[in-house]
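Q: The structure is given below, and queries will be raised subsequently.
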Amino acid sequence: MAPPAQRASPPRNATVHADLAKRGRPRQTVAEPRGAAADEPMEWPLPGWGGHTTIATEAADGGLLLSGTVSEHPLDAMDVLPEEVKGAADRVWDSIETTVSMSRTPSGRTMSADEKEEYRFTALWRKFGHSSEEFAPELLENLRLRTDGGLDKHRLRRLWNEDRHTPVVRCVSSMMVCAMAIFNFAYTAKLDLDTILSDRTLDGFHILNTVVPENDIPMASGAAGVTMLMELLLIGYLYTEIICMLMAAILCPGNGEGLRWRYVSMVFWQKLPHLTTASAMRSLSRLHPDVFLHDLSNCFEAVGENYKARHMGYAVRDLLLFACSRSFFLWIGLEVFLVKFRVASQMVNESSVTMENVAVASMFLFQLLGIVNLKTFIGGRLDLFVFGGADAVLTKTEAGLQDFYYAFLAKRLWRSSGLGRWRAFVVMTSFTDKDFQRLMLDEVARPRGSAKARMAPP
1 MAPPAQRASP
11 PRNATVHADL
21 AKRGRPRQTV
31 AEPRGAAADE
41 PMEWPLPGWG
51 GHTTIATEAA
61 DGGLLLSGTV
71 SEHPLDAMDV
81 LPEEVKGAAD
91 RVWDSIETTV
101 SMSRTPSGRT
111 MSADEKEEYR
121 FTALWRKFGH
131 SSEEFAPELL
141 ENLRLRTDGG
151 LDKHRLRRLW
161 NEDRHTPVVR
171 CVSSMMVCAM
181 AIFNFAYTAK
191 LDLDTILSDR
201 TLDGFHILNT
211 VVPENDIPMA
221 SGAAGVTMLM
231 ELLLIGYLYT
241 EIICMLMAAI
251 LCPGNGEGLR
261 WRYVSMVFWQ
271 KLPHLTTASA
281 MRSLSRLHPD
291 VFLHDLSNCF
301 EAVGENYKAR
311 HMGYAVRDLL
321 LFACSRSFFL
331 WIGLEVFLVK
341 FRVASQMVNE
351 SSVTMENVAV
361 ASMFLFQLLG
371 IVNLKTFIGG
381 RLDLFVFGGA
391 DAVLTKTEAG
401 LQDFYYAFLA
411 KRLWRSSGLG
421 RWRAFVVMTS
431 FTDKDFQRLM
441 LDEVARPRGS
451 AKARMAPP
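Residue numbers for the sequence shown follow UniProt numbering, beginning at 1 and rising by one.
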C-alpha cells in the first residue's frame, strides 16, 4: 500500500542536491501520469536509486507533493519531469537541503539567545555560503519601505501604545529632555557670567593671546572672559531662534500653515536635542572626521548645484562659509574647553564636597560627552538613508522632501493622530531613531510552511 501524500520531508540522513534539477540531459523516462480525470491531481512515478520510488503529485496550489521514500543516494529523476511541473519541482528541491537540516534542530523555545544567533548564521551559510558569485540571495525580501512614510493614523497611535511600558518610558524620556535643557542653560549661563564678571584671569595659555596680548584685552577677566562671552552669545542666539520659531508658528496666518508646521518640526526634532548639551564645545563636533566629511560632501553638492544653475556667487559663498565656519568652530570649541576644564579643575581640587562642586563637575562631563550628540547624528544618518537615495547624497530637492515629511508628521501627530495634545507633545519630545524606523519599515510575514520561514527558530 502506497504511503499517503505529504509535503516534501526526506529522512534525516537523506542528502538531495538541488542542482540535479537544473541538468538539461535526460537520463530516464517516466511513466504516463496517473489521474487522468479533470478533478484528480496528476501524479508521476519518479524512479530513484536502489529500487526506491517517489511519487510526485501536482498540488492544487501548483506546488509538488512527494509520497514514498527517498534513497540515501542523490535522486537523479529530476531530469525526466515533464515541463508542466518543472517549476514546482525546482522550488521543492531548492528547499530540501534546508528542510533536512531543520529536522535535526531543537525548537527555538529551548535555545538561548546566542544559540539562536549562531543557528541563524549557520543555516544561512549552509544555504547560500557556497553559491556561485553571480547569485545574490534575497536576504531582506521580508522588509518593505513604506511609501506613505508611516503617516497613517493607526501607525502614529502605536508610537504611544506600542505596549504597556511605552507610555511610562516616553513620559520619563520627555521629562528628562526638558529638565536637561533647563539645567544645562542654567549651568552654562552661571558659569559664563561668573567668568566674565571675575576680576582676575585664569592661569594657563589661551589661543586668543596669539592674536591679542592679554594686557590689550579691555576686560578684567582677560581672554577667558572674552571666550565665555562668545559662548553666552551663541547660547542666547540659539534660545532666541527657538522662541522666534515658536512665536511664528503660533501667530502664522492660515495661508502660512506649511511654514508653521515646518517651524514646529524644526523646534522639536532639530533645536530641542541641541539644548540638552548646548555649549560652544559642541562646535568641535563639526570637526569630527565622519561629521566633517559628511558636511564637506553636502557643501560640494550644493556648490555643484549652484554651478550648474550658473549661480557662481552662491557657489563661492558656500565654499567660503564652510572654510571660515570650520576655522571659527575650531577656535571657539578648543578655547571654551580649556576655560571650562580649568574652572572644573579648581572646583574638583577643593578639599570639601559641596553641591556646587559636584554640579559643575557633572555638567562639564555631560557637556563633554555631548560634543557629538548621538541622537542628532544617528537621526541624520537615517534621514540620509531614506531621503538621500542610492547615491547617499542629500540634494536640496531631497532636503525639501525631508522638511515636508517632518512638517507633515508634526501636523498629523498634533491634529490627526487622536493622541491629544499632551500625548503628542510627549511623543514629539521623546521621538528617536527607533520611532522613525517603526514608521518607515514594514516586516512582511512569510508563509508558515515556506523554507525561508523554517530557517528562523520558532
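Even glycine gets a Cβ: it sits at the ideal position worked out from N, Cα and C.
If you're wondering where the values come from, they're calculated on a predicted model, not measured in any experiment.
On the three-state DSSP scale, how would you describe D442?
A: Three-state DSSP puts D442 in a strand.
Q: Return the residue from the list L259, R170, M219 that minimises the CA-CA distance to F408.
A: With distances taken between Cα atoms, F408 lies closest to L259.
Q: Among A323, E305, V267, H311, which has the Cα closest to the Cα of F292?
A: F292 has its Cα closest to that of A323, out of A323, E305, V267, H311.
Q: Pick out the complete beta strand (DSSP E) segments inside the stretch 348-413, 3 residues or longer, and give them in chain order.
A: DSSP runs (the beta strand (DSSP E)) wholly in the stretch 348-413: none.
Q: Start and end of the alpha helix (DSSP H) containing G238?
A: According to the sequence displayed, residue 238 carries Leu and not Gly. Segment 222-251, the alpha helix (DSSP H) holding L238.
Q: Taking just the CA atoms, how far does N373 sit from residue 460?
A: Past the boundaries of the shown model lies residue 460; the chain is included only from 1 to 458, so the question cannot be answered.
Q: Please list the segments of the alpha helix (DSSP H) lying wholly inside the stretch 136-198, counting only runs of 4 or more residues, in order along the chain.
A: Entirely contained in the stretch 136-198, the alpha helix (DSSP H) runs reaching 4 residues are, in chain order, 153-157, 166-196.
Q: Hey, could you find the ends of the alpha helix (DSSP H) R421 is sitting in?
A: Its alpha helix (DSSP H) spans residues 421-429.
Q: Between which two residues does the alpha helix (DSSP H) containing G258 stretch?
A: Run containing G258: 257-266, per the alpha helix (DSSP H) assignment.
Q: Note down, in chain order, each residue of its chain lying with its Cβ closer than 8 Å to the Cβ of N357, except the 5 sequence neighbours on either side.
A: Cβ within range, chain order: M347, V348, E350.
Q: Looking at C-alpha atoms only, which residue of L320, R282, F329 is the closest neighbour of L369?
A: Looking at the Cα atoms, R282 is the closest of the given residues.
Q: Considering only the beta carbon of each residue, do T276 and M180 sit closer than 7 Å?
A: Closer than 7 Å, so yes.
Q: Check this for me: beta carbons of V426 and L159, under 7 Å apart or not?
A: The answer is no: Cβ separation not under 7 Å.
Q: Find the nearest neighbour of D383 within the set R126, E115, G149, judged by alpha-carbon distance.
A: The option with the nearest alpha carbon to D383 is G149.
Q: Report the rounded CA-to-CA distance for F387 versus P218, giving the unit in angstroms.
A: Those two C-alpha atoms are separated by around 50 Å.
Q: Could you pull out every residue in the same chain whose Cβ sits closer than 8 Å to the Cβ of N184, ignoring the five residues on either side in sequence?
A: Excluding residues within five positions, the ones whose Cβ falls inside 8 Å are L275, T276, T277, A278, S279, M363, F366, Q367.
Q: Please identify the residue among T227, A220, M266, G256 whose C-alpha is closest to the C-alpha of I242.
A: Comparing Cα positions, the closest option is M266.
Q: Smallest Cα separation from N215: which of V316, G389, T201?
A: Nearest C-alpha to N215: T201.
Q: Among the candidates G380, L284, D163, Y314, whose CA atom is the shortest distance from the CA of V336?
A: If we check each option's Cα against that of V336, L284 comes out closest.
Q: Taking all protein chains shown into account, do 16 or more other C-beta atoms lie within 10 angstroms of the C-beta of K308, making it buried, or fewer, making it exposed?
A: Exposed is the call here.
Q: Please report the straight-line C-alpha distance between R262 and S297, rounded to a whole angstrom.
A: The straight-line gap from Cα to Cα measures roughly 25 Å.
Q: Look at the Cβ atom of V339, then the Cβ atom of T227, and state whether they are nearer than 7 Å.
A: Result yes, Cβ atoms of V339 and T227 sit closer than 7 Å.
Q: Let me confirm a value: H294 is counted as buried when at least 16 other C-beta atoms fall within 10 Å, else exposed. Which label applies?
A: By the neighbour-count rule (16 or more Cβ atoms within 10 Å), H294 is buried.
Q: Would you call H165 buried or exposed, if buried means 16 or more other Cβ atoms sit within 10 Å of its Cβ?
A: The residue is exposed, with fewer than 16 neighbouring Cβ atoms inside 10 Å.
Q: In angstroms with no decimal places, state the Cα-to-Cα distance between R310 and T395.
A: Looking at the two C-alpha atoms, the distance is approximately 17 Å.
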